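Visitor:
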Amino acid sequence: MMFMADMSDRVWPVSAAEKPVVSVIASDRTGAYKVEATPSVRQIFARCGNGDRSDCVVDGDTLWLKGRKIRIADIDTPEISSPRCRSEEQRGQRAADRLVQLLNRGAVTIASAGDRDVDRYGRELRVVLVNGRNVGNDLISEGLARPWEGRRRAWC
């Protein structure tokens, strides 16, 4: 099913048994998205462990969704796997935990982020929305992320 929608005011009902997952194919210059709605079983995100990498959060700006590794394109969060100081790791853990909370609030929408499709690590660069709200902007407003400026900046 294909349709055009402005995702900013679109909220899908969420039942205990099922949450719709919406995968965005592209956006046009007007900001409208072409999306394909694909209902699925309940999406529950947790922190990624050593096992299956499906529907889990790696760190504050990286997640797995149905076998796809997604990098939130518009933000930078503190590192967990290679922090430069203890404070950076602690802040990174808080950002990752908060991303889990935000993703579990409702319908997840993955939007094309512009010209760059994949980063140097093979992650899909995407804007992530939950119930139409930009998750990256939420993390920035809470002080858990910074706007992406093309390179990693120090958190220490």
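Residue numbering for the sequence shown follows my numbering, starting at 14 and increasing by one per position.
Using N, Cα and C, we set each Cβ at its ideal position, and we do this for glycine too.
Note that the structure is a prediction, hence the values are computed from the model and not measured.
#1: Return no unless some Cβ of chain E is closer than 8 angstroms to the Cβ of G145.
#2: Could you check whether R60 and D74 sit closer than 8 angstroms to each other, using their CB atoms as the reference points?
#3: Where does the unbroken beta strand (DSSP E) through A124 begin, and where does it stop?
#4: Can you tell me whether I93 is helix, strand or coil according to DSSP?
#5: Could you spell out where the beta strand (DSSP E) holding L78 opens and where it closes?
#6: Please report how far the alpha carbon of R9 lies from the alpha carbon of L157, in whole angstroms.
#7: How long is the line joining the alpha carbons of V148 and S100, rounded to whole angstroms?
#8: Give me the Cα-Cα distance between L76 and R129, rounded to the nearest whole angstrom.
Guide: Quick answer:
#1: Although the question refers to chain E, the structure presented lacks it and comprises just one protein chain.
#2: Translated into positions along the sequence shown, residue 74 becomes position 61. Translated into positions along the sequence shown, residue 60 becomes position 47. Cβ atoms of D74 and R60: not closer than 8 angstroms.
#3: Here residue 124 refers to the residue found at position 111 when the sequence shown is read from its first residue. In this chain, the beta strand (DSSP E) harbouring A124 covers V121 to S125.
#4: Position 80 of the sequence shown, counted from the start, is the residue given in the question as residue 93. Coil.
#5: For the purposes of this step, residue 78 is identified with residue 65 of the sequence shown, where counting begins at 1. From DSSP, the beta strand (DSSP E) with L78 extends over T75 to L78.
#6: Shown here, the chain extends from 14 to 169; a query on residue 9 therefore has no answer.
#7: Taking the sequence shown and counting its residues from 1, one reaches residue 148 at position 135. Taking the sequence shown and counting its residues from 1, one reaches residue 100 at position 87. Between V148 and S100, the C-alpha separation is close to 23 angstroms.
#8: By one-based count along the sequence shown, residue 76 stands at place 63. By one-based count along the sequence shown, residue 129 stands at place 116. Computed Cα separation, rounded: 18 angstroms.
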